[in-house]
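Protein chains in written order, with the numbering used here: chain Z, 184 to 580; chain P, 52 to 542.
Ideal Cβ positions, reconstructed from N, Cα and C, are used throughout, including at glycine.
All values reported here derive from a predicted model rather than from experimental measurement.
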Amino acid sequence: MATLARLQARSSTVGNQYYFRNSVVDPFRKKENDAAVKIQSWFRGCQVRSYIRHLNRIVTIIQKWWRSFLGRKQYQLTVQVAYYTMMMNLYNAMAVRIQRRWRGYRVRKYLFNYYYLKEYLKVVSETNDAIRTSFVRQKERKLVIPNCLLAHCFNHYPTISTDLWSARKALEEFAEMKEREEKKANLEREEKKRDYQARKMHYLLSTKQIPGIYNSPFRKEPDPWELQLQKAKPLTHRRPKVKQKDSTSLTDWLACTSTRSFPRSEILPPINRKQCQGPFRDITEVLEQRYRPLEPTLRVAEPIDELKLAREELRREEWLQNVNDNMFLPFSSYHKNEKYIPSMHLSSKYGPVSYKEQFRSENPKKWICDKDFQTVLPSFELFSKYGKLYSKAGQIV
Amino acid sequence: MSQRQVLQVFEQYQKARTQFVQMVAELATRPQNIETLQNAGVMSLLRTLLLDVVPTIQQTAALALGRLANYNDDLAEAVVKCDILPQLVYSLAEQNRFYKKAAAFVLRAVGKHSPQLAQAIVDCGALDTLVICLEDFDPGVKEAAAWALRYIARHNAELSQAVVDAGAVPLLVLCIQEPEIALKRIAASALSDIAKHSPELAQTVVDAGAVAHLAQMILNPDAKLKHQILSALSQVSKHSVDLAEMVVEAEIFPVVLTCLKDKDEYVKKNASTLIREIAKHTPELSQLVVNAGGVAAVIDCIGSCKGNTRLPGIMMLGYVAAHSENLAMAVIISKGVPQLSVCLSEEPEDHIKAAAAWALGQIGRHTPEHARAVAVTNTLPVLLSLYMSTESSEDLQVKSKKAIKNILQKCTYLPALEPFLYDAPPNILKHVVGQFSKVLYPLCQNVDFEIRCEASIIPLDIQIHFCRGWTAINHLITEQSYILILKFTAE
């Protein structure tokens with residue numbers, strides 16, 4: 184009851200206090216409202232922010248997982264690509280190795296053999312040397328060909344040296360042929376020399392009475408020179424070489440005037456020579472006597488085979504008159520077209536022995552001169568002396 | 052008048068004719084008399100004497116006509132105009148061998164001057180009678196007929212064809228086999244003149260079996276005969292590969308190489324011509340020549356000759372080297388390059404120098420080894436001087452330029468290239484600098500230098516080469532070249 188009393192004592196003021204308290208609070212109400220609003224807004228803001236933060240965290244986790252998923256997918260692709268590239272590089276490298284080996288092999292085997300080329304060039308130079316020396320050494324009659332190299336080459340590379348080999352062979356043959364020819368020529372020259380010697384020494388041949396130098400009686404058999412001398416023909420004296428003067432025939436012997444002058448020598452007579460003494464003959468007389476024309480006898484005036492020459496000339500003149508060179512056959516022989524059958528005597532090759540062969544033995548190898556003796560009829564000397572004798576005996580007055 | 056006096060008149064006339072024709076024949080041997088004879092009207096007189104009754108007068112008149120026609124072509128034309136040829140041809144068939152020789156001599160003398168005169172001879176039907184003369188027994192007649200045919204066939208292909216159509220070739224081949232050397236010579240030269248015009252004619256000669264006989268006679272010691280035979284074989288082989296192969300099959304190698312050592316200049320020249328004609332067709336034929344040792348023989352032959360006799364040998368080396376690099380290497384090891392450079396510097400004639408320059412270019416253009424072999428002998432400065440000199444003919448300049456270019460493009464031998472930096476014109480200099488850059492650039496890639504390229508009077512391609520080369524050039528070349536290049540860039 185005490186409280187009630189108190190409350191009732193205070194009841195009057197309650198209303199005032201109530202109103203006062205409410206009105207006192209009024210200015211603070213706005214402030215407090217504002218403050219409350221601020222607090223609430225701040226708190227709501229914090230709420231929201233934490234909510235957002237929360238959401239962010241969740242989203243981050245989701246994104247993180249998603250992105251890692253994507254990254255791993257990408258990584259797989261990258262790894263695949265890298266792997267692929269690595270394998271391709273490896274394959275390429277291996278392929279290059281194979282190709283390198285193959286190309287080297289192919290070029291070396293099928294296209295170009297370096298050692299073959301070297302060998303070939305070496306053999307070519309050897310051939311060149313052989314050709315160059317073979318011409319030089321032909322005179323010394325030796326042909327040096329390095330065969331060892333050629334044999335080695337032949338073993339390893341049979342194809343290249345076949346041409347060179349055949350070339351060498353041909354060259355060797357040629358050189359041999361030249362050698363043989365030279366030897367033959369030398370032999371022939373020596374033969375000729377020996378023959379000429381034998382001919383010159385023919386007089387040393389032994390006779391029946393006197394044995395020659397090469398046929399000494401103390402020897403068992405004669406020297407081979409003896410047989411050579413027997414075979415040889417004796418050498419005639421070499422005719423002195425007559426200078427070919429202009430052939431003047433007998434008729435125009437006086438035609439050239441230089442023969443009518445005194446013979447001139449190249450050396451002039453000395454100045455101090457004493458004049459020849461004595462009466463001299465008339466110069467024209469002397470010249471007349473000196474250069475009297477030749478009055479050849481009949482025997483000399485005609486050539487020795489005048490008969491033959493005259494016959495030839497006659498025949499020539501007759502030939503000039505011929506229209507046709509062929510022999511003119513008489514018409515009567517036209518129907519004589521039977522072939523002539525010779526008699527037994529004429530058709531055998533054993534004819535009659537000629538007079539010469541019967542009675543003369545001939546040995547043409549011993550002849551000095553090629554022609555046989557000529558029959559020459561001597562001329563009458565009496566006729567050539569006609570009118571030239573000093574005496575008048577026997578002349579018809 | 053008695054019969055004898057009448058006959059004496061005739062005798063005197065005959066004597067006078069004989070004497071006249073003999074004197075004319077003798078005078079015709081000396082050139083100074085021929086003008087006078089022509090002015091005196093000797094042609095018509097001789098023409099009437101050709102129809103004379105007496106054979107000796109006919110023969111001597113023919114001989115005199117032949118000598119006159121031999122002298123110059125006006126007289127030969129006069130012979131043709133006076134209608135002497137048909138009479139000669141007609142009596143060629145019938146008369147004795149002295150007349151045949153003289154008549155063939157006249158035909159030869161007329162036919163040698165020009166194609167028109169030779170055509171005139173062919174038109175009057177002389178070819179058949181000449182071919183009949185080729186079958187005669189007397190070798191002198193055969194020789195005269197073969198000589199006449201040779202001079203006719205020499206001018207051009209139609210006349211040669213006419214001679215072949217008359218059937219001369221088999222008879223000429225028979226003539227070659229005769230023992231007389233003069234006849235062999237003439238027959239060989241006739242075949243050579245027939246075969247030289249065209250491949251068909253050469254094929255005809257080969258079909259008649261001439262090559263085997265000609266090849267056998269190469270070993271004959273007579274120099275003129277060898278000269279004709281080699282000329283015939285080279286004319287045959289020059290036309291095509293098949294003909295050349297046929298000539299080679301007749302086994303002329305290595306006998307032909309002995310002819311290269313002969314003392315006579317013409318034999319050497321013709322032998323090297325023959326080898327050149329064979330080697331130029333295909334690489335296989337060149338290889339055959341090389342295998343037989345032909346290159347060495349030809350090089351020795353070049354060394355022993357002077358002047359135009361060297362030319363076929365030089366060309367042969369060029370052809371052989373042009374086919375392939377192995378053959379060019381074979382030429383190099385046979386010591387061909389020093390000989391060619393001697394020819395290049397020694398010879399006074401431009402065409403021989405041009406041939407030598409061409410041959411060197413063919414040798415050096417294959418690989419750096421070949422170019423080095425050529426450059427070592429110091430021929431490049433000679434070639435350059437020939438190219439630059441104003442006295443050289445155009446042909447020589449063109450050939451030496453090509454040779455320099457071909458060699459330089461492969462040359463990596465620096466001491467030979469250095470002199471070029473001094474006095475080469477720009478179009479050659481760019482090649483030289485390019486070569487330098489190729490050689491030096493990979494060697495000195497790690498050297499760090501500034502590139503200095505001045506503004507361009509220098510054309511662009513040199514600049515490009517220069518940029519690459521400049522980085523590397525500096526401490527590898529001599530100081531002088533360094534100065535020169537600095538000067539070059541400063542321009």
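Given a cut-off of 7 Å on the beta-carbon distance, is the pair residue i and residue j in contact?
i, j, result
"residue 350 of chain P", "residue 390 of chain P", "yes"
"residue 348 of chain P", "residue 314 of chain Z", "yes"
"residue 238 of chain P", "residue 283 of chain P", "no"
"residue 225 of chain P", "residue 200 of chain P", "no"
"residue 197 of chain P", "residue 241 of chain P", "yes"
"residue 115 of chain P", "residue 154 of chain P", "no"
"residue 250 of chain P", "residue 206 of chain P", "no"
"residue 316 of chain P", "residue 360 of chain P", "yes"
"residue 387 of chain Z", "residue 393 of chain Z", "no"
"residue 418 of chain Z", "residue 381 of chain Z", "no"
"residue 467 of chain P", "residue 437 of chain P", "no"
"residue 292 of chain P", "residue 333 of chain P", "yes"
"residue 299 of chain P", "residue 255 of chain P", "no"
"residue 326 of chain P", "residue 367 of chain P", "yes"
"residue 244 of chain P", "residue 217 of chain P", "no"
"residue 451 of chain P", "residue 465 of chain P", "no"
"residue 287 of chain P", "residue 253 of chain P", "yes"
"residue 262 of chain P", "residue 322 of chain P", "no"
"residue 343 of chain P", "residue 399 of chain P", "no"
"residue 194 of chain P", "residue 233 of chain P", "yes"
Looking only at its chain, what residues have a beta carbon closer than 7 Å to the beta carbon of residue i, apart from the 5 residues adjacent to it on each side?
i, result
"residue 362 of chain P", "403 and 406"
"residue 338 of chain Z", "Bear in mind that a pLDDT of 49 at residue 338 of chain Z, under 50, signals an unreliable position, so the number given afterwards is only what the model happens to contain. For residue 338 of chain Z, where only same-chain residues beyond five positions count, there are no Cβ hits under 7 Å."
"residue 80 of chain P", "118"
What does a CB cutoff of less than 8 Å around residue i pick up in its chain, not counting 5 residues either side in sequence?
i, result
"residue 136 of chain P", "130, 158, 161, 171, 172, 175 and 177"
"residue 476 of chain P", "439"
"residue 124 of chain P", "164, 165 and 168"
Under 6 Å Cβ to Cβ from residue i, same chain only, skipping five residues before and after it: list those, please.
i, result
"residue 416 of chain P", "457"
"residue 471 of chain P", "483"
So, is residue i buried or exposed, given that buried needs 16 or more other C-beta atoms within 10 angstroms?
i, result
"residue 66 of chain P", "exposed"
"residue 364 of chain P", "buried"
"residue 297 of chain Z", "exposed"
"residue 248 of chain Z", "exposed"
"residue 232 of chain Z", "exposed"
"residue 185 of chain Z", "exposed"
"residue 320 of chain P", "buried"
"residue 229 of chain Z", "exposed"
"residue 409 of chain P", "buried"
"residue 220 of chain Z", "exposed"
"residue 202 of chain Z", "exposed"
"residue 307 of chain Z", "buried"
"residue 447 of chain P", "buried"
"residue 186 of chain P", "exposed"
"residue 330 of chain Z", "Reliability fails at residue 330 of chain Z, whose pLDDT of 42 lies under 50, so the model's placement of it is uncertain and no value is given."
"residue 443 of chain P", "buried"
"residue 288 of chain Z", "exposed"
"residue 310 of chain Z", "buried"
Subject >> Touching by the beta-carbon criterion (3+ pairs, under 8 Å), the region 325–342 of chain P and the region 365–381 of chain P >> reply: yes
**OP:** Please determine if the region 449–464 of chain P and the region 419–429 of chain P are in contact, where contact requires at least 3 C-beta pairs separated by less than 8 Å.
**Re:** yes
**OP:** Please determine if the region 144–151 of chain P and the region 159–176 of chain P are in contact, where contact requires at least 3 C-beta pairs separated by less than 8 Å.
**Re:** no
**OP:** Assess, as a yes-or-no matter, whether the region 82–98 of chain P is touched by the region 113–131 of chain P under the definition of 3 or more beta carbon pairs within less than 8 Å.
**Re:** yes
Original post:
Counting Cβ pairs, one atom from each stretch, are 3 or more of them under 8 Å apart for the region 108–126 of chain P and the region 60–76 of chain P?
Top reply: yes
Subject >> Segment contact, 8 Å Cβ cut-off, at least three pairs: the region 452–463 of chain Z with the region 535–546 of chain Z >> reply: no
**OP:** Could you say if the region 380–400 of chain P and the region 408–415 of chain P meet the contact criterion of at least three C-beta pairs nearer than 8 Å?
**Re:** yes
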